[in-house]
Amino acid sequence: MLIISGYSSPLPWLTRMKIAVGAAKGLAFLHGEEKPVIYRDFKTSNILLDSNCNAKLSDFGLAKDGPEGDDTHVSTRIMGTHGYAAPEYVMTGHLTTMNDVYSFGVVLLELLTGKRAMDKKRPGREQNLVEWAKPYLKDHHKLDRLMDPRLEGQYSTEGAKKVAALAHQCLNHYPKSRPSMKHVVKILETILEYTDIPAGPFIYIAPTEEKMDRTLSGCKVTESKLKENGNEDKGEANNENGNSRRRKGYRHKHRIRSCAVYSDTALYKTLRNETKSPGNK
């Protein structure tokens, strides 16, 4: 799946929307011909991306010519991928362009959530993405439960609401209530213009336990050496008169306090160097 595999990090919000627009345009082109073509197996694995994340449709092996004349549908053998196929097609074998619209709604859900359409590794109620997500699509107040947590809030809230509403329309149980792909393209293109995307968060890369132990051991050695120096000063102070002893005692306390500060500073510098090392980039 283009959102989950093939990339070392999750795709940003605008990149996901760019992919959605490109794929929608591909389906709109197929449906807009005088004799429409029904893709029949639209899913994320059939969306190819170039180096600039421009989407191209692939694998037209199951594509079918749409109905002609007064025909409302094409009757055909049920084929496709479980989790993407429209319910009316699965039940009757009746094929229309609205079947592709339903499948596109499933892909929109994957783009929003970062989850696969079907995943048996998820808890029972969450294995089918559409069944799990539909209650959240109806209520924009629950949008945060739907969104991919790996986006870390870096998405347009208004844009996400529109995408969720559009996905809900595409997934309508009644085919005639679904939007055309031409309408879908228009809605998605406006979402690309939304600018209410928060600034990126501060990211702290924690060092490994091994590096942390090595850092703390180094700090303990430093503290031990400073304490030894402090004890030597204390011995010298005992051989002098009272005033000198008080003066030395003050200096000794100052050394002990600075030891803790030195240790904290050393720890901070070491951790900072660890986060800047090439291995943590």
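Numbered according to the working numbering, the sequence shown spans residues 1 to 281. We put the beta carbon where it would ideally sit given N, CA and C, even for glycine. It should be emphasised that the depicted structure is a prediction, and the values quoted were computed from it without experimental measurement.
Decide if M17 is buried, meaning its Cβ has at least 16 other Cβ atoms within 10 Å, or exposed. It counts as buried.
Below 6 Å CB to CB, which residues in the same chain sit around S103 once its five sequence neighbours on both sides are set aside? Answer for S103: F42, Y84, listed in chain order.
Three CB pairs or more closer than 8 Å across the stretch 97–111 and the stretch 177–186: Touching, per the Cβ criterion.
Quick check on D148: buried or exposed, where buried means 16 or more other Cβ atoms within 10 Å of its Cβ? It is buried - the Cβ of D148 has at least 16 other Cβ atoms within 10 Å.
So, are the CB atoms of A24 and L151 less than 9 Å apart? Cβ atoms of A24 and L151: not closer than 9 Å.
Sort out for me which residues DSSP pairs D362 with in a bridge. This structure cannot settle anything about residue 362, because the visible part of the chain is limited to 1 through 281.
Go ahead and label I191 buried or exposed: buried means 16 or more other beta carbons lie within 10 angstroms of its beta carbon, across all protein chains shown. Its Cβ being crowded by 16 or more others within 10 Å, I191 is buried.
Quick one: measure Cβ to Cβ for P36 and M98, integer angstroms, because I've assumed they're closer than 8 Å. P36 to M98, Cβ: 11 Å. No contact.
What residues match up with L95 in a beta bridge as DSSP calls it? The partner list for L95 (beta bridge, DSSP) reads V74.
Own chain residues within Cβ distance below 7 Å of S58, not counting five before or after: Sequence-distant partners of S58 (beyond 5 residues in either direction) whose C-beta falls short of 7 Å from its own C-beta, in its chain, are N46, L48.
With distances taken between CB atoms, is the gap from K134 to H82 smaller than 9 Å? Against a cut-off of 9 Å, the Cβ pair of H82 and K134 comes out as no contact.
I47 - partner residues in DSSP beta bridges: L57, per the DSSP bridge assignment.
Where DSSP assigns a beta bridge to N128, which residues make up the other side? Looking at the DSSP assignment, N128 forms a beta bridge with M118.
Would you mind working out which of A63, L27, P12, E33 sits nearest C53, comparing C-alpha positions? Here the closest residue by C-alpha is P12.
Excluding sequence positions up to five away, which residues of its chain have a Cβ less than 6 Å from the Cβ of S156? Counting only Cβ-Cβ distances below 6 Å, and skipping sequence neighbours, we find Y194, D196, I197.
Do the CB positions of T44 and E88 come within less than 9 Å of each other? Not in contact: T44 and E88 (Cβ atoms no closer than 9 Å).
In the structure shown, what three-state DSSP assignment does H82 receive? Of the three classes helix, strand and coil, the one that applies to H82 here is coil, per DSSP.
Determine whether the beta carbon atoms of L137 and R116 lie at a separation below 9 Å. Cβ atoms of L137 and R116: not closer than 9 Å.
S75: which of K64, V90, H94, P67 sits nearest, CA to CA? Checking every option, the nearest Cα to that of S75 belongs to H94.
What number of angstroms, rounded off, separates the C-alpha of M91 from the C-alpha of M118? Straight-line Cα distance between these residues: approximately 19 Å.
Measure from the alpha carbon of S9 to the alpha carbon of each residue in G114, H140, S177, then state which is nearest. Comparing C-alpha distances from S9 to each of G114, H140, S177 shows the shortest one belongs to G114.
As assigned by DSSP and simplified to three states, the class of I187: DSSP places I187 in helix when its eight states are reduced to three.
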